[in-house]
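Have a look at the structure below before the remarks.
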Amino acid sequence: MLQLKKEQWFSNIRTDVLAGLVVGLALIPESIAFSAIAGVDPQVGLYASFCIAVTIAFFGGRTAMISAATGAMALLMITLVKDHGLQYLLAATVLTGVIQIIAGYFKVAKLMRFVSQSVVYGFLNALAILIFVAQLPEMSKMDSLGYIFMLLGLAIIYLFPHLPKIGKAIPSPLICIIVLSGLALFLGADLRTVSDLGKFPETLPIFLIPEIPFNLETFTIIFPYSITLATVGLLETMMTTTVINEVTGTEGDRHQECRGQGIANIVSGFMGGMAGCAMIGQSIINVSSGARTRLSTLVAGVFLLCLVVFLKDWLAYVPMAALVAIMVMVSFTTFQWNSVKQFSKHPMSFNVVMIAVVIVVLATHNLALGVLVGVLLSALFIINQLESSVKVTSEFKDNIRSYTVYGQIFFSSSESFYQFFDFQERVSHVRIDLSHAHIWDITSVNILKNVVQKFESKQIQVEIFGLNEASSTLLDRVSD
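Position 324 of the sequence shown, counting from 1, maps to 324 under full-length UniProt numbering, and the rest follow consecutively.
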């Protein structure tokens, strides 16, 4: 389970280290913001991000992906923290990890095959909008100088990679942070910095067992939260894995990633952190900066802790304008612009599903709910398409009516299939050709039986032929 392969760690050292430094710094404001959402101290989110990032570097199934405390998970913790306090949250975090490990061994990640491209596009577009909107409160606190710094940061991020020789050597987000920090120090500019976000922890995280009564009542309190956190965490992680797979052109082990997320959350809960999962924004920053191995994830987590515990005085020089510029870049990178450019060329069902996912996510800030709605809509469109594709042609010759059936016969299309037959016609024999059709379930088998019985009740002989092997096997099994 422990991943120590050399090529997964040291095949891209310089770029991975630099990318990890950028991500580690970018994790700070997000971790603090998510702690505030959950109603806990900033150190809970910061400890979580450190523990999860470092643990997933060793136990995860997808290299270069960043996992930490997230907004989607924080939203689910609000009521638990409010009603029962931090200790119950820590216990729920540990139980969340246990559930995710079990899900990994039962290969729950296979359910991702039900997520269509339209759902992925909707998920990414909604997330891009949420990332951008999340920067607005910080933008509203900027003066004109702050906006100048932010625009300068964006210019550095987009223009630096085009410089000859050095453009590809150092991640442009890191250059953005260095240049803007140095410029702010040189000018003595009065700008909001990362240190203005809140109080940072004074010590390293330590192992602790949640101070709660270990009984059935406690379990009934935390289990509903844990199962929800585990589900949302795995769903967001699997979606992020899909995106990073596409960006890097490589594949990760989804089942190992599920187990790794579980181990990371157990570690986080015992070290005073809250539950977390994969972060698509930071993961895109990482891979866009050139990271490809586990080293980048490890560096991000370690550098985050070093910054907030040992180097917090240095954070006074990092303007928030630099981090806002990076997150704006992430939002524009995450948004699938082709889904807008190709909108008129996509099928209506594709666009409806994509828009529905975006609307649900923006309305609820719940990425998992948006994906669930998208999957259900996709399924309904597919069912409708399969149902409408069923057709029956017929011909009459020598007092014999021959029916030829086309399409997929299942619970939804079986009723329309039944209505194609004329039971009032006076014929001596009916032939039903199923060589162009497939019988999928017991409902359709029973409908076919009803057709036969209806004809036979009128003393009309029925002959069925052309069944493929799977349909014939199902028919025989049900008949027996």
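For every residue, glycine included, the Cβ atom is placed at its ideal position computed from N, Cα and C.
Item: Residues that S35 bridges to, as DSSP identifies them; Value: Answer is none; S35 lacks a bridge partner.
Item: Beta-carbon proximity check, T248 vs S11, cutoff 7 Å; Value: no
Item: Residue range of the unbroken alpha helix (DSSP H) whose run includes E387; Value: L367 to S389
Item: Nearest neighbour of D433, chosen from I284, V373 and I464 [CA to CA]; Value: I464
Item: Proximity of V451 and F421 at Cβ, strictly below 7 Å; Value: yes
Item: Classification of Q461 by the beta-carbon crowding that lies within 10 angstroms, buried from 16 upward; Value: exposed
Item: For F160 and S296, the rounded distance between their alpha carbons; Value: 21 Å
Item: Inter-residue CB distance, E211 and C277 (contact presumed, cutoff 8 Å); Value: So it is not a contact: roughly 25 Å between Cβ atoms.
Item: Nearest-angstrom Cα separation, counted from G281 out to G290; Value: 15 Å
Item: Classification of D83 by the beta-carbon crowding that lies within 10 angstroms, buried from 16 upward; Value: exposed
Item: For V392, the three-state DSSP class (helix, strand or coil); Value: strand
Item: Sufficient close CB pairs (3 or more, under 8 Å) joining the segment 108 to 126 to the segment 295 to 314; Value: no
Item: Three-way DSSP call (helix, strand, coil) for A189 in this model; Value: coil
Item: Cβ neighbour criterion (16 or more within 10 Å) applied to T15; Value: buried
Item: Test item: CB-CB of V360 and L367 under 7 Å; Value: no
Item: Nearest residue (CA-CA) to I99, options R401, Y225, L386 and K341; Value: Y225
Item: Alpha-carbon spacing of N286 relative to I244, whole angstroms; Value: 10 Å
Item: Alpha-carbon to alpha-carbon, T70 and G131; Value: As written in the sequence, residue 131 is Ile, which differs from the Gly given in the question. One C-alpha to the other measures close to 12 Å.
Item: With 16 other Cβ atoms within 10 Å as the buried cut-off, status of P213; Value: exposed
Item: Three-way DSSP call (helix, strand, coil) for E30 in this model; Value: helix
Item: For M279 and P205, believed in contact at Cβ under 8 Å, the rounded distance; Value: Not quite, the Cβ-Cβ distance comes to about 19 Å (not below 8 Å), so this is no contact.
Item: Test item: CB-CB of H255 and A57 under 7 Å; Value: no
Item: C-beta atoms of Y88 and I222 nearer than 7 Å; Value: yes
Item: Bridge partner(s) assigned by DSSP for K397; Value: I400
Item: Cβ-based burial, F59 [other Cβ within 10 Å; buried from 16]; Value: buried
Item: Minimum C-alpha distance to M320 - residue among W9, I13, K5 and L25; Value: L25
Item: I175 to F219 span [Cα, whole Å]; Value: 48 Å
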